[in-house]
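Colleague: Pasting in a structure now, in C-alpha cells, and then I'll have a few things to ask.
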Amino acid sequence: MAAGDPSGWPALFSLVLAVAICFVSANIFVDEERNRLIVGEKYMRFGSLVVLTKQEKKANRNLMAIKKAEIKEAMETHQFPPSMHFFQAKRLIEDSEVFRILRKMPKGAALHIHEFSMASVEWLVKNVTYRPHCYFCITPKGLFQFKFADPAPQKLRSRECTEWVSLEDHRKKSNASVFDKRLLSMFSMVTKNPHSIYPNQDAVRTEFQNILFSMSGLVTHAPVFKDYIFQGLKEFHQDNVFFLEIRTRLSP
1 MAAGDPSGWP ALFSLVLAVA ICFVSANIFV DEERNRLIVG EKYMRFGSLV
51 VLTKQEKKAN RNLMAIKKAE IKEAMETHQF PPSMHFFQAK RLIEDSEVFR
101 ILRKMPKGAA LHIHEFSMAS VEWLVKNVTY RPHCYFCITP KGLFQFKFAD
151 PAPQKLRSRE CTEWVSLEDH RKKSNASVFD KRLLSMFSMV TKNPHSIYPN
201 QDAVRTEFQN ILFSMSGLVT HAPVFKDYIF QGLKEFHQDN VFFLEIRTRL
251 SP
C-alpha cells in the first residue's frame, strides 16, 4: 500500500480506533479500581460503621462549614496553619473556631507525656515561683537554676552556681512583671523566629534540655511535684482527655 493510498485508510482508521478504545478502557478500569480502593479504605477507618443520628449529621455539617470557611479565609490571607511552623501557627490555631469546638469534644488519650510538660508554664510561674523559700541562681551558661530551701541555701563554690537569691526578695527589688515575663519566655520554646533560633535538631534538643534543667529544681520539690501533677491532670481534663500516660522518673 503506497503512502497516501486511499484504499489503506479504512484499515488505518480501524487500527487507530482499536488503540483508542483500548486506551479508554484501560483508563476506565484504573478509575474503577481506584474508586474501589478508596471506598474500601473508608470502610476500614475507625468508626466507619457508626451510623450518625439526625442531630449528629447536623452537627457534622455545621462543623465542616466552619472548617471550609476557615480554609477559605486562610487561603485569602495566605496564613494557612498546616503550611506554617507550629510556633508561628500556634496563635492562629488557638484562635480558630474549629479548635475551640474540638477542644470541647471528648478525646481518647494523650500518650507518652513528659511530667515536666504536663502543666502550663503560666501556672508554674504564677503559682510555684511565688511559693515561700524559693531561690534561684544563674549559671555561667546563663541558665536559671531553682531550689527550695529553709533555711536559705549556702553559697556554693562550684562551676554551676555561686549565689542563691530569694525570688521573693528579687521581685521586691525589681519589676516583678518584667521578671515573670522573662521566666515565661525561659520555660517555653515558642519564638517568633523558630527557623533562625533552631536551625537544626541539635539546637532544638539543647534548648529543650536547658528548659528541663531549669524546671527540675521547681517540679521535683515534693510538695510542688504533687500539685504539678494534679494541675496537669486538671488541664487535660478541661480539654476532655479521658486517658493520660505520664512518662516520669521516680522522684522526688
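Each residue of the sequence shown is one higher than the one before, counting from 1 in the UniProt record's numbering. Where a beta carbon is used, it is the ideal one built from N, C-alpha and C, also for glycine.
(1) Mark Met1 as exposed unless 16 or more other C-beta atoms lie within 10 angstroms of its C-beta, in which case mark it buried.
(2) I need the boundaries of the beta strand (DSSP E) containing Phe87, first residue and last residue.
(3) Determine the contact status of Leu233 and Val224, defining contact as a CB-CB distance below 7 Å.
(4) Can we say the stretch 118-133 touches the stretch 180-191, given the rule of at least three CB pairs closer than 8 Å?
(5) Can you tell which of Leu212, Thr248, Phe242, Asn240 has the C-alpha that lies nearest to the C-alpha of Ile229?
(6) Tell me which residue opens and which closes the beta strand (DSSP E) that Tyr135 is part of.
(7) For Leu102, which three-state DSSP category applies?
(8) Could you spell out the range, first to last residue, of the alpha helix (DSSP H) harbouring Arg247?
(9) Please state if the CB of Ile246 and the CB of Glu33 are separated by a distance shorter than 7 Å.
(10) In this structure, does DSSP put Ala119 in helix, strand or coil?
(11) Give me the residue from Val241, Val125, Ala222 with the minimum Cα distance to Ala149.
(12) In angstroms, rounded to a whole number, what distance separates the CA positions of Thr129 and Phe80?
(13) For the beta strand (DSSP E) that contains Gln145, what are its first and last residues?
(14) By how many angstroms is the C-alpha of Ile71 removed from the C-alpha of Phe242?
(15) Just grab the DSSP bridge partners of His237 for me.
(16) Compare the beta carbon distance of Leu167 and Val125 with 7 Å and say whether it is the shorter of the two.
(17) Counting Cβ pairs, one atom from each stretch, are 3 or more of them under 8 Å apart for the stretch 81-100 and the stretch 192-204?
(18) Any beta carbon of chain B sitting closer than 7 Å to that of Asn200?
(19) Quick check: what's the CA-CA separation for Val51 versus His237?
(20) Which same chain residues, not among the five before or five after Met105, have their C-beta less than 8 Å away from its C-beta?
(21) Quick check on the DSSP output: the beta strand (DSSP E) that includes Ala152 runs from which residue to which?
(22) Classify Phe99: buried if its beta carbon has 16 or more other beta carbons within 10 angstroms, exposed otherwise.
(23) With DSSP collapsed to three states, give me the class of Val39.
Modeller: In terms of the structure at hand:
(1) Position 1 of the sequence shown, counted from the start, is the residue given in the question as residue 1. Confidence at Met1 is low in this model, with a pLDDT of 48, below 50, so the placement of that residue should be treated as unreliable; the coordinate-derived value is given next. Its Cβ having fewer than 16 others within 10 Å, Met1 is exposed.
(2) Here residue 87 corresponds to residue number 87 of the sequence shown, with the count starting at 1. Premise fails: Phe87 lies in the alpha helix (DSSP H), 86-94, not in any beta strand (DSSP E).
(3) For the purposes of this step, residue 233 is taken as the residue at position 233 of the sequence shown. For the purposes of this step, residue 224 is taken as the residue at position 224 of the sequence shown. Against a cut-off of 7 Å, the Cβ pair of Val224 and Leu233 comes out as no contact.
(4) yes
(5) For this step, residue 229 is matched to residue 229 along the sequence shown. Nearest option by C-alpha distance: Thr248.
(6) The residue labelled residue 135 in the question sits at position 135 within the sequence shown. Run containing Tyr135: 134-138, per the beta strand (DSSP E) assignment.
(7) In the sequence shown, counting from the first residue as 1, residue 102 sits at position 102. If DSSP states are grouped into helix, strand and coil, Leu102 belongs with the helices.
(8) Counting from 1 along the sequence shown, the entry for residue 247 is found at position 247. Run containing Arg247: none in the alpha helix (DSSP H); it sits in the beta strand (DSSP E), 244-247.
(9) By 1-based counting over the sequence shown, the position of residue 33 is 33. By 1-based counting over the sequence shown, the position of residue 246 is 246. Cβ distance not < 7 Å, so Glu33 and Ile246 don't count as in contact.
(10) What you label residue 119 is simply residue 119 of the sequence shown in a count that begins at 1. Three-state DSSP puts Ala119 in coil, outside helix and strand.
(11) Numbered from its first residue, the sequence shown carries residue 149 at position 149. Selected option, being the one with the closest Cα: Ala222.
(12) Your numbering for residue 129 matches position 129 in the sequence shown. Your numbering for residue 80 matches position 80 in the sequence shown. Their backbone Cα atoms lie some 37 Å apart in a straight line.
(13) The count along the sequence shown starts at 1 and reaches residue 145 at position 145. Unbroken beta strand (DSSP E) run through Gln145: 144-148.
(14) Residue 242 sits at position 242 when you count from the first residue of the sequence shown. Residue 71 sits at position 71 when you count from the first residue of the sequence shown. Whole-angstrom Cα-Cα distance: 29 Å.
(15) The sequence position of residue 237 within the sequence shown is 237, counting from 1. According to DSSP, which records beta bridges pairwise, His237 is partnered with nothing at all.
(16) Here residue 167 refers to the residue found at position 167 of the sequence shown. Here residue 125 refers to the residue found at position 125 of the sequence shown. Against a cut-off of 7 Å, the Cβ pair of Val125 and Leu167 comes out as no contact.
(17) yes
(18) In summary, chain B is missing from the structure at hand, where a single protein chain is found.
(19) In the sequence shown, the residue the question calls residue 51 occupies position 51. In the sequence shown, the residue the question calls residue 237 occupies position 237. Rounded to whole angstroms, Val51 to His237 spans 28 Å at the Cα level.
(20) Within the sequence shown, numbered from 1, the residue matching residue 105 stands at position 105. The residues are Asn240.
(21) Your numbering for residue 152 matches position 152 in the sequence shown. Neither: Ala152 is in no beta strand (DSSP E) and is coded neither H nor E.
(22) The residue given as residue 99 occupies position 99 in the sequence shown. Exposed, since its Cβ has fewer than 16 Cβ neighbours within 10 Å.
(23) Taking the sequence shown and counting its residues from 1, the one referred to as residue 39 is at position 39. Here Val39 sits in helix by DSSP.
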